[in-house]
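Structure first, commentary second.
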Amino acid sequence: MKADVIHWLNRLLAIHCRSFPQYVRWARPHVPAGRGQELEAVDAIALDQDIMAERISRMIIDADALPRTGEFPMEFTDLHDLDIDYVILTAVRYQEQDVAMIEQLVHRLQTFAAARSLAEEALGMSKGHLDTLREVAQSIAAMKA
Numbered sequence: 001m002k003a004d005v006i007h008w009l010n011r012l013l014a015i016h017c018r019s020f021p022q023y024v025r026w027a028r029p030h031v032p033a034g035r036g037q038e039l040e041a042v043d044a045i046a047l048d049q050d051i052m053a054e055r056i057s058r059m060i061i062d063a064d065a066l067p068r069t070g071e072f073p074m075e076f077t078d079l080h081d082l083d084i085d086y087v088i089l090t091a092v093r094y095q096e097q098d099v100a101m102i103e104q105l106v107h108r109l110q111t112f113a114a115a116r117s118l119a120e121e122a123l124g125m126s127k128g129h130l131d132t133l134r135e136v137a138q139s140i141a142a143m144k145a
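Per my numbering, the sequence shown runs over residues 1 to 145.
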């Protein structure tokens with residue numbers, strides 16, 4: 001496998017390992033009593049990302065390369081103690097960015113079928129996560145109306 005393919009797979013890995021839902025999972029926001037379903041949705045997304053990250057890592061290791069997950073963006077540290085309503089809206093924006101980046105990675109991996117296929121699967125999953133986050137955000141908006 002070429003070095004550029006490994007580079008793009010590691011970028012895909014970092015998106016899954018250092019996403020906003022992964023950060024929220026460990027830096028719990030304020031969740032009012034009776035509102036745990038929002039955090040459950042974020043946790044479920046992070047678990048899905050863990051499974052995808054394992055598959056991406058396996059492909060990188062099988063190519064005799066090292067998986068590199070990167071660091072959480074520093075901007076996340078300003079968001080961990082906020083209310084779950086704001087965190088969900090922020091998660092939607094970050095997930096939109098992740099989907100756009102994965103779309104670019106699918107294009108960059110066109111010449112390596114197995115990596116492209118995995119990236120396409122990650123893209124589908126990420127779009128589903130975006131739909132979930134948007135539904136949670138709509139539920140929050142309806143509750144406040």
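Quick reminder that beta carbons are idealized off the backbone N, C-alpha and C, glycines included.
- A direct Cα-Cα distance of roughly 13 Å separates residue 92 from residue 140.
- The beta-carbon distance between residue 59 and residue 9, rounded to whole angstroms, is 6 Å. This is short enough to meet the 8 Å contact definition.
- Take residue 15, set aside five residues on each side of it, and the residues of its chain with a beta-carbon closer than 7 Å to its own are 98, 101, 102, in chain order.
- Here residue 80 carries a coil assignment [DSSP, helix/strand/coil].
- Within its own chain, the residues whose Cβ lies closer than 8 Å to the Cβ of residue 48, once the five positions on either side in sequence are excluded, are 125, 129, listed in chain order.
- At a Cβ-Cβ threshold of 9 Å, residue 46 and residue 31 do not count as neighbours.
- Comparing alpha carbon positions, the residue from 135, 145, 118 closest to residue 51 is 118.
- Its chain contains 9, 12, 13, 16, 67, 118, 122 as the residues whose beta carbon lies nearer than 8 Å to that of residue 56, once the 5 sequence neighbours on both sides are disregarded; these appear in chain order.
- Just measuring C-alpha positions, the residue of 54, 70, 80 sitting nearest residue 26 is 80.
- The beta carbon of residue 115 sits closer than 8 Å to those of 1, 5, 8, 9, 59, 109, all from its chain and outside the five residues before and after it, given in chain order.
- The beta carbon of residue 29 lies closer than 6 Å to those of 82, 84, 87 in the same chain, with the five residues before and after it left out.
- Around the beta carbon of residue 73, a 10 Å sphere encloses fewer than 16 other beta carbons of the protein chains shown; the residue is thus reported as exposed.
- The criterion of a C-beta distance shorter than 9 Å is satisfied by residue 133 and residue 41.
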